[in-house]
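First comes the structure, then the notes that go with it.
Number of protein chains: 2
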Amino acid sequence: MKGFFQLISSSDFLNLFDRFHPLDTETVQLGNSAGRVLAADVTAPEQLPPFSRSTMDGFAVRARDTFGCSESEPALLTIVGEISMGTSGRDIVLRPGQISRIWTGGELAAKSDAVVMVEYSHLIDEETVEIFRPVAPGENVIRAGEDTEQGQVVLAKGRKLRPQDVGVLAGLGVTNVTVQRRPVVAILSTGDELVPPDQQPGPGQIRDINSTTLAALVEESGGIANQVGIIQDDFDTMFAACLDALEGADMVLLSGGSSVGQRDFTLQVLERLEDSELLAHGVAIRPGKPTILARVGNKALFGLPGHVASAMVVFYLFVRPLLRRFGGMTTDLGLLPIQAIAGEQIPSAIGREEYVRVQLIRKTDESHPVALPIYGKSGLLTPLVKADGLLVIDRDSEGLDKGTTAQVLLFPSA
Amino acid sequence: MKGFFQLISSSDFLNLFDRFHPLDTETVQLGNSAGRVLAADVTAPEQLPPFSRSTMDGFAVRARDTFGCSESEPALLTIVGEISMGTSGRDIVLRPGQISRIWTGGELAAKSDAVVMVEYSHLIDEETVEIFRPVAPGENVIRAGEDTEQGQVVLAKGRKLRPQDVGVLAGLGVTNVTVQRRPVVAILSTGDELVPPDQQPGPGQIRDINSTTLAALVEESGGIANQVGIIQDDFDTMFAACLDALEGADMVLLSGGSSVGQRDFTLQVLERLEDSELLAHGVAIRPGKPTILARVGNKALFGLPGHVASAMVVFYLFVRPLLRRFGGMTTDLGLLPIQAIAGEQIPSAIGREEYVRVQLIRKTDESHPVALPIYGKSGLLTPLVKADGLLVIDRDSEGLDKGTTAQVLLFPSA
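Right under this line is the structure:
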C-alpha cells in the first residue's frame with residue numbers, strides 16, 4: 000500500500016523548525032574558533048588601538064607647526080627624539096617647533112596630532128629637519144579607539160567567524176571564545192540490499208552511498224557526523240537502533256529505505272518513539288516528496304528519501320537549515336542564491352516546487368551565467384557530480400522557457 | 000630610505016607561480032576525504048550500478064507483455080515470485096506472460112526489461128495480476144552501468160571532493176583515496192611592538208593580529224598553519240627563524256613589519272637565504288604594493304604588508320592561488336566572482352589595480368546586488384568585519400561611477 004501523504008509546502012516545513020531551539024554553548028580557544036558560531040555578542044573589553052598610532056614612517060608633529068609650509072618655504076623643526084617600536088611615545092612631549100622620529104605603528108608623542116611622511120622631509124643635521132608639505136590634524140594617524148571603542152559590540156551573536164573576525168578577537172585579547180556547540184548527527188542507512196563501501200556486493204546488493212554522502216554534508220554544514228551504519232530492514236532492529244542513536248545525537252537521519260515497505264517502517268519507528276511528535280510526512284517539492292520529520296524533545300529525526308539525489312536536495316532544503324538553527328545561526332538555507340539564465344526549456348509540474356540540478360556556464364562578459372539542467376534518474380550519482388547547484392522553479396509554474404532568468408542555489412564550496 | 004620597488008602587475012605576479020609545482024600526495028580514508036583534492040583521476044573499477052535495478056515498487060515484467068493494455072483491457076499476467084531486497088533477481092527467469100514482484104532498488108528478474116508501478120496493477124489472486132498501463136523497455140529501471148561504466152573516469156585529478164563526489168567513491172568501493180598533501184605554512188610576525196593575543200600590551204605595544212588572521216586564512220584555503228609567533232625585529236633573529244621555519248614548511252609568511260626598516264630586514268633575509276631567488280618585490284595593486292616573493296627550491300616565502308587589511312588582500316590575490324597550486328588545484332583565486340552595482344562613486348588611481356572592500360546589499364528583485372565601499376585605513380580591523388568581498392577596479396580606470404557594474408570577488412564562506 001502506498002503511504003498516505005499530507006503534503007505541506009517547503010515554507011511550512013521550514014516554519015516547523017520554530018519548535019526547535021539552539022543547542023548549548025562551549026568555549027574554544029581562539030585558534031580553533033574560525034568557522035564556529037558566536038554564542039554571545041563580543042564586546043570590546045578595551046579600545047582598539049589602545050593608543051594613537053602612526054600609519055607611516057616619518058615624524059610625529061604638532062600639525063599646526065606645518066601649516067603653510069611648502070617646497071619653497073619649508074618648516075624648520077627640531078628633532079627631539081625617536082619613538083622606538085614597542086615603547087611609549089608619550090615619554091616624549093613635543094613643544095611648539097619640535098618633532099619626533101616615528102615608525103609605522105608607533106605611538107604618537109605627547110602633544111603631537113599628525114605624522115609627516117619621511118618623503119616630505121629633508122634632514123639638515125641630526126637635530127634639524129625641513130618639512131615640505133603641511134599635514135592636517137589626524138593625518139597619517141589611527142587614533143586610539145578609532146577601530147573599536149571600549150564597550151562597543153564588535154561581533155554579534157550568531158556570526159560564523161571568518162578569518163578577519165578571528166583577527167579582531169586576537170586584537171582585543173579574546174583568546175577564549177564562547178561558541179555554539181556543533182550539532183551531532185547520527186546517520187542510519189536502512190536496506191537489506193546494502194553493504195558497507197569497503198565490501199564487495201553480492202548478487203542484488205549495492206554499496207551504501209547515502210551514509211558517506213550525508214556524513215560529508217553534515218560536516219560541510221558545521222555538524223559532527225556519527226555514521227551508525229546499515230540497519231536491517233525490520234521494525235525491531237530499526238526501533239532499537241534509532242533509540243540508541245537518539246541518546247548521543249541532536250539529530251537522526253534515517254535514509255536508504257526507498258521502497259514503500261521501508262518507508263512505512265521509518266514512519267512506524269518515528270511514531271512509536273516515546274514522546275515523539277510527527278511534524279511532517281510529505282512535502283510538495285520534487286525531488287524529496289516522501290520526507291518525514293519527527294521531534295523528540297529538542298531532537299529531530301528525519302526520514303529522508305532513499306535516492307541519494309533526492310536525499311541531497313532534502314538535506315540542503317531542510318536538514319541544513321535545522322542544523323544552522325541548532326548551531327545558533329539564522330534558520331535559512333545558507334546557500335548563496337544567484338541569478339542564472341535557463342540554457343534550455345525546463346518543464347515542471349504545477350503544485351510542487353521543483354529543484355533542478357544544473358551546471359553553470361560562466362561567460363566572460365557581464366551577463367548572468369547560463370544554467371544547463373543535468374537530467375538523470377534520481378538514483379544516479381554522476382549527474383550530482385556535474386551539478387553546481389539547484390535551479391528553483393515555483394510551485395505555480397509549468398516550467399521555464401529557454402532564456403528566462405531564474406534563481407540558482409549554489410552548492411557550498413571553498 | 001624608502002626601498003626601491005620594481006612594481007609588476009598582478010597577472011605577472013601570478014605567472015611567477017609557474018616556478019612552483021604541486022606537492023606530493025598521500026592516501027586518506029574515504030571518511031576523511033571530503034574537501035581534499037584528488038591527486039589522480041578516479042576510474043570506475045566496476046560498473047555502477049552493478050546490475051539493473053528497479054526505481055519503483057511494483058512488478059518486473061517483459062515490457063512487450065504489457066503492450067496495448069489499458070484500464071478497460073488490462074494485461075493478465077502470472078506472478079512467479081518476489082525479488083527480496085539484497086537477493087539476486089536473476090534467480091527468477093521470466094517467461095512470456097510472467098511477472099515478478101520487485102521493490103525499489105531490487106535487481107530485475109532475468110528476461111525482464113521494465114517495471115510496472117504497483118499503482119497500475121490489481122491483484123486478482125496470489126498468482127495473478129492485472130496491469131492497466133503499458134511500459135516501454137527500460138521504464139522504471141536504472142540499467143547496469145547507467146551511472147558509470149567500468150573504466151570510465153568519474154572524478155578528475157585536481158578536483159576538490161564535495162559530498163556527492165565522496166558518495167561516488169563510496170559507491171565504487173574506493174575507500175582509500177589518493178589526495179594531494181595539504182601545504183604547511185609557517186607564519187612569522189615581526190615587530191618589536193607586538194605581543195601575543197593572550198598578553199596585555201604595555202605602553203606602545205599592541206597584540207599580534209596578523210598571525211591569527213593569516214592562520215585562519217591558511218586553513219580556509221586548505222593549508223595547515225604553523226604559527227611560529229612573534230620574531231624580534233633584527234636581522235639575525237629573523238634570519239634564524241626563517242631558516243628554521245623553512246625546514247618544516249612549504250611556505251613561509253613573514254608579516255607584521257610595516258615600517259621601512261622592517262621591510263628592509265625581510266628583503267635582506269629573503270635574499271641571504273641559501274639558493275634563494277627573489278621573484279618579486281612590489282606589485283601594482285592597492286592595497287598590497289610592498290609584497291615580496293622569494294623562492295628556495297619549491298618553497299615559497301612571502302613578505303606581506305604589515306597592515307592586516309593589506310595582508311588579507313595579498314593573501315587572497317596571491318598566497319591563496321599558490322596554496323591551490325601546491326595543493327594540486329588550478330592556480331586561480333578560488334574566489335567566486337559576481338557582478339555588483341557600485342552603490343556610490345569609487346575613485347581609483349591609474350596605474351594600479353584597486354581592490355576595494357565592499358559590503359553587498361542584496362535586493363529581492365532580480366538585479367545584481369549593490370556594492371557599498373567600506374572605507375577605513377588599512378590598519379583598521381572593523382572595516383574587514385563588515386566586508387563581503389573585494390571590488391576590482393582596473394589598472395587603467397580612474398574609478399567607478401555610481402550605478403556602474405563591476406566585479407566583486409566574494410570572500411569564502413560556508
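Listed in order, the protein sequences are those of chains A and B. Under numbering that gives the first Met the number 0, the first residue of the first sequence carries the number 0, and numbering increases by one thereafter. Under numbering that gives the first Met the number 0, the first residue of the second sequence carries the number 0, and numbering increases by one thereafter. We treat Cβ as the ideally placed atom computed from N, Cα and C, and that holds for glycine.
Item: CB contact check: V357 of chain B to chain A, cutoff 8 Å; Value: no
Item: Cβ-based burial, S10 of chain A [other Cβ within 10 Å; buried from 16]; Value: exposed
Item: P202 of chain B at chain A interface by Cβ criterion, 8 Å; Value: yes
Item: Per-residue DSSP class, three states only, for V313 of chain A; Value: helix
Item: Within 8 Å, strictly: CB atoms of L322 of chain A and P136 of chain A; Value: no
Item: Buried versus exposed, by CB contacts within 10 Å (16 or more), Q231 of chain B; Value: exposed
Item: Local conformation of E106 of chain B per DSSP, three classes; Value: strand
Item: Nearest to E138 of chain B (by Cα), restricted to the options B:D40, B:T265, B:L390 and B:T54; Value: B:T54
Item: Neighbour list for I337 of chain A in chain B, Cβ cutoff strictly below 9 Å; Value: L335 and I337
Item: Segment contact, 8 Å Cβ cut-off, at least three pairs: the stretch 244–253 of chain B with the stretch 287–304 of chain B; Value: yes
Item: T24 of chain A (DSSP reduced to helix, strand or coil); Value: strand
Item: Interface flag, G302 of chain B vs chain A, CB-CB below 8 Å; Value: no
Item: Beta strand (DSSP E) segments (min. 3 residues) lying fully within the stretch 261–341 of chain A; Value: 275–280, 291–295, 298–302 and 336–341
Item: Short Cβ contact (8 Å threshold) for G327 of chain A with I208 of chain B; Value: no
Item: Selection of the stretch 161–175 of chain B by Cβ proximity to chain A, strictly under 7 Å; Value: R161, P162, Q163, D164, V165, G166, V167, A169, G170, G172 and T174
Item: Whole-angstrom distance between F317 of chain B and G375 of chain B, CA atom to CA atom; Value: 23 Å
Item: Contiguous beta strand (DSSP E) assignments of at least 3 residues, all confined to the stretch 45–125 of chain A; Value: 57–60, 74–81, 97–101, 113–116 and 120–124
Item: Cβ pair count under 8 Å reaching 3, the stretch 197–217 of chain B against the stretch 160–177 of chain A; Value: yes
Item: Neighbour list for I205 of chain A in chain B, Cβ cutoff strictly below 7 Å; Value: P48 and P49
Item: Contiguous alpha helix (DSSP H) assignments of at least 4 residues, all confined to the stretch 218–247 of chain A; Value: 234–247
Item: Chain B contacts from the stretch 118–151 of chain A (Cβ-Cβ distance under 8 Å); Value: E118, I141, E145, D146 and T147
Item: Alpha carbon of P426 of chain A to alpha carbon of P202 of chain B, nearest angstrom; Value: There is simply no residue 426 of chain A to check, as chain A begins at 0 and stops at 413 in what is shown.
Item: Outcome for I345 of chain B when other beta-carbon atoms lying within 10 angstroms are tallied against a minimum of 16; Value: buried
Item: Test item: CB-CB of V115 of chain B and V60 of chain B under 8 Å; Value: yes
Item: Whole-angstrom distance between T177 of chain A and L154 of chain A, CA atom to CA atom; Value: 12 Å
Item: Inter-stretch contact (C-beta, 8 Å, three-pair minimum) for the stretch 75–93 of chain A and the stretch 101–108 of chain A; Value: yes
Item: Any alpha helix (DSSP H) of 4 or more consecutive residues that is wholly inside the stretch 353–407 of chain B; Value: 381–385
Item: Where G342 of chain B meets chain A, residues with beta-carbon distance less than 8 Å; Value: Simply none; closest approach about 17 Å.
Item: Chain-order list of residues whose beta-carbon lies under 8 Å from that of T236 of chain B (same chain, five-residue window excluded); Value: I230
Item: Local Cβ density within 10 Å of I123 of chain A, reported as buried at 16 or more and exposed below that; Value: exposed
Item: Whether L383 of chain A touches A341 of chain A by CB criterion (8 Å); Value: no
Item: Bridge-paired residues (DSSP) for N175 of chain A; Value: A:Q28
Item: Residues sharing a beta bridge with K156 of chain A, DSSP; Value: For K156 of chain A, which the question treats as bridged, DSSP gives no partner whatsoever.
Item: Inter-residue spacing [alpha-carbon to alpha-carbon] between D17 of chain B and R324 of chain B; Value: 9 Å
Item: Extent of the continuous alpha helix (DSSP H) run through S347 of chain B; Value: That residue, S347 of chain B, is in no alpha helix (DSSP H); it is neither H nor E in DSSP.
Item: Residues near E417 of chain B in its chain [Cβ-Cβ closer than 7 Å; skip 5 each side]; Value: Because chain B in this structure spans residues 0 to 413, residue 417 of chain B falls outside the shown range and cannot be described.
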